[in-house]
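So the sequences go chain by chain: A and B.
If you're matching positions, the first sequence starts at 3 in the numbering used here and goes up one per residue.
If you're matching positions, the second sequence starts at 3 in the numbering used here and goes up one per residue.
Note that CB positions come from ideal geometry on N, CA and C, so glycine has one too.
Structure first, then comments.
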Amino acid sequence: MKNQLSYFQIYLALVGAGVALIGLGFSVPTLGAAPILATFFALATASLIRFVSPFSLWLDGALAVFGAIALIVSLPAAGQMPLHHWLALISAWAFAWLFVERLSAAIRAGKLPETGTGLIIPIIFGLSLLVMWEVVTRGANVPMVLLPPPSAIGARLMAETSILWADFVQTFIKSVLPGYAIGCLAGLLVAIAVDRSPFLKAGLLPIGNFMSALPIIGIAPIMVMWFGFDWQSKAAVVVAMTFFPMLVNTVAGLNAASTIERDLMRTYAADYWQTLMKLRLPAAAPFIFNALKINSTLALIGAIVAEFFGTPVVGMGFRISTGVGRLAIDLVWAEIAVAAIAGSAFYGVIALIERGVTFWHPSVRGGRA
Amino acid sequence: MKQELRVRHLSEKTQNNAGGTAPDAAAVIRAEHLGLTFPAGDGDIVALNDVNLTIEKGEFVSFIGPSGCGKTTFLRAIADLERPTSGTLTINGMSPEAARKSRAYGYVFQASALYPWRTIEKNVALPLEIMGHSAADQAERVKRTLELVNLSGFEKKYPWQLSGGMQQRASIARALSFDADLLLMDEPFGALDEIVRDHLNSELLKLWARTEKTICFVTHSIPEAVYLSTKIVVMSPRPGRVTDVIVSTLPKERPLDIRETPEFLEIAARVRDGLRAGHSYDEEHV
Numbered sequence: 003m004k005n006q007l008s009y010f011q012i013y014l015a016l017v018g019a020g021v022a023l024i025g026l027g028f029s030v031p032t033l034g035a036a037p038i039l040a041t042f043f044a045l046a047t048a049s050l051i052r053f054v055s056p057f058s059l060w061l062d063g064a065l066a067v068f069g070a071i072a073l074i075v076s077l078p079a080a081g082q083m084p085l086h087h088w089l090a091l092i093s094a095w096a097f098a099w100l101f102v103e104r105l106s107a108a109i110r111a112g113k114l115p116e117t118g119t120g121l122i123i124p125i126i127f128g129l130s131l132l133v134m135w136e137v138v139t140r141g142a143n144v145p146m147v148l149l150p151p152p153s154a155i156g157a158r159l160m161a162e163t164s165i166l167w168a169d170f171v172q173t174f175i176k177s178v179l180p181g182y183a184i185g186c187l188a189g190l191l192v193a194i195a196v197d198r199s200p201f202l203k204a205g206l207l208p209i210g211n212f213m214s215a216l217p218i219i220g221i222a223p224i225m226v227m228w229f230g231f232d233w234q235s236k237a238a239v240v241v242a243m244t245f246f247p248m249l250v251n252t253v254a255g256l257n258a259a260s261t262i263e264r265d266l267m268r269t270y271a272a273d274y275w276q277t278l279m280k281l282r283l284p285a286a287a288p289f290i291f292n293a294l295k296i297n298s299t300l301a302l303i304g305a306i307v308a309e310f311f312g313t314p315v316v317g318m319g320f321r322i323s324t325g326v327g328r329l330a331i332d333l334v335w336a337e338i339a340v341a342a343i344a345g346s347a348f349y350g351v352i353a354l355i356e357r358g359v360t361f362w363h364p365s366v367r368g369g370r371a
Numbered sequence: 003m004k005q006e007l008r009v010r011h012l013s014e015k016t017q018n019n020a021g022g023t024a025p026d027a028a029a030v031i032r033a034e035h036l037g038l039t040f041p042a043g044d045g046d047i048v049a050l051n052d053v054n055l056t057i058e059k060g061e062f063v064s065f066i067g068p069s070g071c072g073k074t075t076f077l078r079a080i081a082d083l084e085r086p087t088s089g090t091l092t093i094n095g096m097s098p099e100a101a102r103k104s105r106a107y108g109y110v111f112q113a114s115a116l117y118p119w120r121t122i123e124k125n126v127a128l129p130l131e132i133m134g135h136s137a138a139d140q141a142e143r144v145k146r147t148l149e150l151v152n153l154s155g156f157e158k159k160y161p162w163q164l165s166g167g168m169q170q171r172a173s174i175a176r177a178l179s180f181d182a183d184l185l186l187m188d189e190p191f192g193a194l195d196e197i198v199r200d201h202l203n204s205e206l207l208k209l210w211a212r213t214e215k216t217i218c219f220v221t222h223s224i225p226e227a228v229y230l231s232t233k234i235v236v237m238s239p240r241p242g243r244v245t246d247v248i249v250s251t252l253p254k255e256r257p258l259d260i261r262e263t264p265e266f267l268e269i270a271a272r273v274r275d276g277l278r279a280g281h282s283y284d285e286e287h288v
């Protein structure tokens, strides 16, 4: 198999190998101090051989991974890192980019299957970001208060699992999930009522609109006064936040069934509920899932922000606000990491259910209407 | 003045034609002085004007005419999807609304209107579910009607996995599944290519012979109308009205090559003349 490189790929290969060559020159005096880094430089320089005998894209990937490991292993414990570390960072980054470029080109050309291999690209991208974050924060001695390295956040994540778990239960399980369920269900039911009655449409839609326009930092303290310090007030904030997107989307979705599909129901002399259950709600499903997805992230944000305004001494928002005050920034970042993972997982679960329920929709089956 | 005279003259002709073969007792559809006007911002649109027509049990009636002649509107009025604004219209002696509520007809639309989240068998079972048939009865009827339209073996497929012709056959099966005596078809094969259309036309004729249903069929193809019908209603636009009713002399058994016979061509010529008469009216006045 011939590996034709594009101009851009050749450029990346030259940057990677060229910078490594300079790095090799710099590290000659200190070869003994960081032998693994020197090995990387040597291998990266040797990759120039590709212009004589081309090699597989997986070797570029292996080179990038090796470079990343070499960098992290040989980071100095304290103080600024020497220049050749920066060179190694640039070189490893160039090889990672080259690898992803060649991989996506191969997938596009049909040489590699999309499923599975397609997943490698975002993973490499995410890992590269983490490695650069780690190397830059530690190498350039960035103060912990500004930005802790991922390793410190990870360490804190491991050390404080019980606190983080308690916060997760308080915020996500107790506030977000019930609030989300109540808000979405209420939005759905009110949308059905609004759709049926022009009177409610005139009355309730503006109120829903009004509620969505209320600033969360305004309603959160009020909810605390109404429902107390515990999770109930946070759940109430989440209800207020998730209600309107569901209302608007469902109202639009209930009109998604075409005239001809409704006429069909009319020719069968179907009653209102039959038409609703067998035609209009299934046709509205893509809209409803849109709202469920929007709300999955809104709900978490709402609950966390609401915890800034009075809370028992547990919860993700509470931990973040007090963590910032105590300069325990790594704990704040650990909470942010938990929130990000929980939010993405929540969204992912909803999206998976959506694929199962609206399998027939052109946007899911990838066909024409 | 001239316009009114002409309309009256034509509708008289219509009545004569329809009256010639109509014993009232067997009338499935009766329209008398039927008018339907759509309100519009700049003057009302007269979709149907003084339509008189009788359709008997077991007839295959085609409605033909250029777009805007009210043929679809007339079919929709029969189905109680539009409300006539004047005149009377009865289906089996009932008002259109009562007929719809007694599930007197099956309607086949221009598009198949199959629900994409239901499999073919679930789509065909949809009217049965609504009308409250038992599960066993549903299964039996779905099987029978899918056999009738040659779709056995596609029960578990989704509509979007089938060709346009198969989708339209499934929608015909759906209209047949609850065994209404009247079948209303609004250009059901309009979006299909000529070859598929020929095939479905001859299948439809066989199905009509087997089930002895009354069929009202809207089309804008002259060969299709002549090939299928026992009676051809020629309509003309602005205002929508019936200009001619032609009773076909073709035998009930019709192979596809009947379309080459002189008899067929003669009827087709008469339909074409009727359509032209409707158009010459346009040219005089525009």
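Whole-angstrom C-beta distance between T121/B and E157/B, which should lie under 8 Å: Here the question's residue 157/B lines up with position 155 in the second sequence. Here the question's residue 121/B lines up with position 119 in the second sequence. Indeed, because the Cβ distance is near 7 Å, the residues count as touching under 8 Å.
Tell me whether L206/A, by its Cβ, gets closer than 6 Å to a heavy atom of the ligand NAP. This structure does not include the ligand NAP; it has no bound ligands of any sort.
Give a yes or no on whether 7 Å exceeds the smallest Cβ distance from P288/A to chain B. As a first step, residue 288/A must be located in the first sequence, where it is residue number 286. It does not; no Cβ of chain B falls within 7 Å.
Tell me which same chain residues have a C-beta within less than 8 Å of the C-beta of K280/A, skipping the five on either side of it? Numbered from 1 along the first sequence, position 278 holds the residue referred to as residue 280/A. Counting only Cβ-Cβ distances below 8 Å, and skipping sequence neighbours, we find M267 and A272.
Identify which residue in A258/A, E337/A and W99/A has its Cα closest to the Cα of D197/A. The residue given as residue 197/A occupies position 195 in the first sequence. The shortest C-alpha separation from D197/A is found at A258/A.
Does the separation of the CB atoms of V178/A and A305/A fall below 7 Å? Taking the first residue of the first sequence as 1, we reach residue 178/A at position 176. Taking the first residue of the first sequence as 1, we reach residue 305/A at position 303. Yes, the Cβ-Cβ distance between V178/A and A305/A is below 7 Å.
Just checking, does the region 95-108 of chain B make contact with the region 182-190 of chain B on the three C-beta pairs under 8 Å criterion? yes
Looking at P129/B: is its Cβ nearer than 7 Å to the Cβ of S179/B? Here residue 129/B refers to the residue found at position 127 of the second sequence. Here residue 179/B refers to the residue found at position 177 of the second sequence. Yes, Cβ-Cβ distance for P129/B and S179/B is below 7 Å.
Quick check: the Cα distance between T75/B and A137/B, rounded to an integer number of angstroms? One-based indexing of the second sequence puts residue 75/B at position 73. One-based indexing of the second sequence puts residue 137/B at position 135. Approximately 35 Å between the Cα atoms of the pair.
Can you name, in chain order, every residue of its own chain whose Cβ lies under 6 Å from the Cβ of F348/A, other than the five neighbours on each side? What you label residue 348/A is simply residue 346 of the first sequence in a count that begins at 1. Only S298 meet the Cβ criterion.
Answer with buried or exposed for Y182/A, where buried requires no fewer than 16 other C-beta atoms within 10 angstroms of its C-beta. Within the first sequence, numbered from 1, the residue matching residue 182/A stands at position 180. Answer is buried; the Cβ neighbour count reaches 16.
State the DSSP-derived secondary structure class of Y229/B, mapped to helix, strand or coil. Within the second sequence, the letter at position 227 stands for residue 229/B. Of the three classes helix, strand and coil, the one that applies to Y229/B here is helix, per DSSP.
Residue range of the beta strand (DSSP E) that M187/B falls in? Within the second sequence, the letter at position 185 stands for residue 187/B. Run containing M187/B: L184 to D188, per the beta strand (DSSP E) assignment.
Helix, strand or coil at N383/A according to DSSP, with G and I counted as helix: Here chain A has residues from 3 to 371 only, and residue 383/A is not among them.
Any contact of the region 65-73 of chain A with the region 32-52 of chain A, i.e. 3+ C-beta pairs under 8 Å? yes
Bridge-paired residues (DSSP) for V249/B: Taking the first residue of the second sequence as position 1, residue 249/B is located at position 247. Answer by DSSP bridge pairing, in chain order: K233/B.
Euclidean distance between Cα positions of V241/A and S214/A: Translated into the one-based positions of the first sequence, residue 241/A becomes position 239. Translated into the one-based positions of the first sequence, residue 214/A becomes position 212. Going from the Cα of V241/A to the Cα of S214/A covers about 11 Å.
Throw me the rounded Cβ distance for the V220/B and D188/B pair, which I believe falls under 8 Å. For this step, residue 220/B is matched to residue 218 along the second sequence. For this step, residue 188/B is matched to residue 186 along the second sequence. Indeed they touch by this definition, with Cβ atoms about 5 Å apart.
In terms of residues, what are the limits of the beta strand (DSSP E) holding I93/B? Locating residue 93/B in the second sequence gives position 91, where the first residue counts as 1. Run containing I93/B: S88 to I93, per the beta strand (DSSP E) assignment.
Taking Cβ positions, are L89/A and I24/A nearer each other than 7 Å? Locating residue 89/A in the first sequence gives position 87, counting from the first residue. Locating residue 24/A in the first sequence gives position 22, counting from the first residue. Yes, these two residues count as a Cβ contact at 7 Å.
Chain A contact residues for P118/B, given Cβ-Cβ distances below 8 Å: One-based indexing of the second sequence puts residue 118/B at position 116. Result: W362 and H363.
Taking a cut of 9 Å between CB atoms, which residues from the region 119-150 of chain B lie near chain A? W119, R120, L128, P129, E131, I132 and M133
Determine contact between the region 185-197 of chain A and the region 243-259 of chain A, defined as no fewer than three beta-carbon pairs at a distance below 8 Å. yes
Outcome for W362/A when other beta-carbon atoms lying within 10 angstroms are tallied against a minimum of 16: On the first sequence, residue 362/A is found 360 positions in, with the first residue counted as 1. Buried is the call here.
Less than 7 Å between CB atoms is the rule here; does F111/B satisfy it with respect to chain A? In the second sequence, residue 111/B corresponds to position 109, counting from 1. Yes, contact with chain A.
Pull out every residue of the region 266-281 of chain A whose Cβ sits closer than 8 Å to any Cβ of chain B, in chain order. L266, M267, R268, T269, Y270, A271, A272, Q276, K280 and L281
Reduced DSSP category for E255/B - H, G, I as helix; E, B as strand; rest coil: On the second sequence, position 253 is the one that residue 255/B refers to. E255/B falls in the coil class under three-state DSSP.
For the alpha helix (DSSP H) that contains V53/B, what are its first and last residues? The residue given as residue 53/B occupies position 51 in the second sequence. Unbroken run through V53/B is the beta strand (DSSP E), I47 to E58; no alpha helix (DSSP H).
Selection from A279/B, E268/B, A271/B and P257/B that minimises the alpha carbon distance to T245/B: Counted from its first residue, the second sequence places residue 245/B at position 243. With distances taken between Cα atoms, T245/B lies closest to A279/B.
On the DSSP bridge assignment, give the partners of M96/B in chain order. The residue given as residue 96/B occupies position 94 in the second sequence. Answer by DSSP bridge pairing, in chain order: I93/B.
Which residue wins for smallest C-alpha separation from T47/A, given the options L14/A, P152/A and P124/A? Walking along the first sequence from the start, residue 47/A turns up at place 45. Ranking the options by Cα distance to T47/A, first place goes to L14/A.
How would you label F10/A, buried or exposed, when you count the other beta carbons within 10 angstroms and need 16 or more for buried? If you number the first sequence from 1, residue 10/A lands on position 8. Exposed, because fewer than 16 other Cβ atoms sit within 10 Å of the Cβ of F10/A.
How would you call T216/B, buried or exposed, if buried means at least 16 neighbouring beta carbons within 10 angstroms? For this step, residue 216/B is matched to residue 214 along the second sequence. Buried, since its Cβ has 16 or more Cβ neighbours within 10 Å.
In terms of residue numbering, what span does the alpha helix (DSSP H) encompassing V266/A cover? In the first sequence, residue 266/A corresponds to position 264, counting from 1. A small fix is needed here, since residue 266/A is Leu in this sequence, not Val. From DSSP, the alpha helix (DSSP H) with L266/A extends over T261 to T269.
Return helix, strand or coil for H35/B, following the three-state DSSP convention. Along the second sequence, one-based indexing puts residue 35/B at 33. The answer is strand: DSSP assigns H35/B an E or B state.
Give me the DSSP bridge partner(s) of T221/B. Your numbering for residue 221/B matches position 219 in the second sequence. I66/B.
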